[in-house]
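Its first residue numbered 515, the sequence shown is counted upward by one per residue in this note's numbering.
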Amino acid sequence: MRKIAIACAITLSALSAGMLATTQAAQAWPSFASSYEKARDSSGKIVCANCHLGVQPVEVEVPTSVMPNEVFEVKLHIPYDSKVQQVISDGSKGPMQIGAYVQLPEGFTLAEEKDLTEEQKKVLETQPVSPLYADKPERSNILISGPYPGDAVKDQEIIIPVKAPDPNAKDATVNFGKYSIYAGGNRGRGQVYTNGAASNNAQYIASAAGTITKIEQDIKYTTQLQFGGDSSPLDQEYEKATRVTIQGDAGKSAVVNIPPGPQLLADIKEGVKVKAGQPLTNDPNVGGYAQEERDIVLQDPQRVTWLLVFLAAAFVCQLLLVLKKKQVEKVQELEAQQQGL
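The structure is reproduced here in structure tokens:
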């Protein structure tokens, strides 16, 4: 369960500038979440939510119903303040990044290029979409897009073109009816890596109660970071880091290494007593994640046809009733006139 809970740890950090070696930088969102059998756990939560700890809204737009083989769009609006910059991997500030996760009903897939409009093709050139499980065609209904620099995404909106299945096809495994689409949108980097190590986009706390005996600035230290559940942890050296030594009340000392990015709070000084779990730094995270669920109906064209026939018949019946009523009213009026004579 712990592995699932941190499946998407720092999914956006692998593309942040300056932190990783070339072999590490090649890893992106898919290498984190795709390492796990289920990217959406039994509670309904997409695993990224437990690693991107900040909460910010996402707006998801899908049509209420579609026809077989119809191409439609799943739109995720991921709002954020374009003036705000995130902490990138070397501790400096950089542009916010955004990304999206969409889990379609089984049978629904990413639309092929031949089915796209020219406008959709242009969008995908700058915002490519791919299956999360590239090596598992049977799970091609789970898609990801990003991360991208937010200022490069028009209207802060990620658009994913989707093709609906045809239940009438010979090899069809789906039926007509109502289905759910699960979508998640994120802006900014995560706070924890797959092995549980905190990123430099997280708040650091005292690991023990005691007195701060030493604060060292501009140090170097090495830690191990894991980029995906099936990968081995790799050494990562930080420069211009901070080390806080706490003499514990129980007699043992604790050392907290803080990478560049988080800033020590003003009241954190040598000689100050702290409690276990007390914040030592600010929270540099300015991003956040959210997920939404939307329903969509796969319509049977024959049902639509019969519905139109029914509505037409109902209209004709209503019309005949109106005409009949007028005819009766005329007869009654004529009879009344004759009786008046």
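The C-beta atom is built at its ideal place from N, Cα and C for all residues, glycine as well.
Per DSSP, which residues does residue i bridge with? Please list them.
i: R554; result: I560
i: I674; result: V588
i: Q738; result: D749
i: G613; result: N700
i: N771; result: R757
i: A712; result: V706
i: Q600; result: G608
i: Y647; result: Its beta-bridge partners do not exist; DSSP assigns none.
i: T795; result: L778
i: T687; result: BP columns for T687 are empty, so no partner.
i: S694; result: D809
i: V569; result: Y803
i: Q580; result: Per the sequence presented here, residue 580 reads as Val, with Gln not at that position. Partner(s): L812.
i: T725; result: Q761 and K787
Count the other CB atoms within 10 Å of the CB of residue i; is the residue buried (16 or more) or exposed (fewer)?
i: M610; result: buried
i: T795; result: buried
i: P773; result: buried
i: A828; result: exposed
i: Q852; result: exposed
i: G710; result: exposed
i: S860; result: This structure leaves residue 860 out entirely; the chain is present only between 515 and 855.
i: L835; result: exposed
i: E633; result: exposed
i: G691; result: exposed
i: T687; result: exposed
i: Q841; result: exposed
i: R703; result: buried
i: C831; result: exposed
i: V643; result: buried
i: N655; result: buried
i: A553; result: buried
i: F824; result: exposed
I'd like the span of the beta strand (DSSP E) that includes residue i, first residue to last.
i: K628; result: No beta strand (DSSP E) contains K628, which DSSP labels as neither H nor E.
i: L812; result: G802 to L812
i: G660; result: I656 to P663
i: E573; result: E573 to E575
Just to confirm before moving on: does the CB-CB distance between residue i and residue j stay below 8 Å?
i: Y615; j: A697; result: yes
i: K728; j: E753; result: no
i: I612; j: G664; result: yes
i: Q805; j: I719; result: no
i: A723; j: D749; result: no
i: I810; j: V580; result: yes
i: S721; j: V770; result: yes
i: K607; j: Q599; result: yes
i: I674; j: E584; result: no
i: G568; j: Y803; result: yes
i: V514; j: L590; result: Examination of residue 514 is not possible in this model, given that the chain is present from 515 through 855 alone.
Which residue from the options puts its Cα closest to that of residue i?
i: T578; options: L812, K589 and I760; result: L812
i: Q641; options: E671, N655, D629 and R653; result: E671
i: P619; options: Y662, V676, D649 and Q599; result: V676
i: Y662; options: N700, Y707 and I772; result: N700
i: V758; options: T737, E730, H566 and P679; result: E730
i: A468; options: Q777, A678, G801 and N564; result: Not covered by the structure: residue 468. The range shown for the chain is 515 to 855.
i: Q761; options: A780, E784, V574 and E633; result: E784
i: S713; options: C565, I560 and Q570; result: C565
i: T623; options: T736, D680 and A826; result: D680
i: S596; options: V830, V800, R653 and E843; result: V800
i: G605; options: A716, G765, T819 and Q740; result: A716
i: E575; options: I695, L822, K839 and Y647; result: I695
i: Y594; options: V601, Q570, P582 and S603; result: Q570
i: N682; options: P815, A780, A648 and E627; result: P815
i: Y647; options: I658, V845 and P747; result: I658
i: R808; options: P582, Y693 and K766; result: Y693
i: A755; options: E843, W820 and D732; result: D732
Residue i: beta carbon under 7 Å from a heavy atom of the ligand PLP?
i: K668; result: This structure does not include the ligand PLP; it has no bound ligands of any sort.
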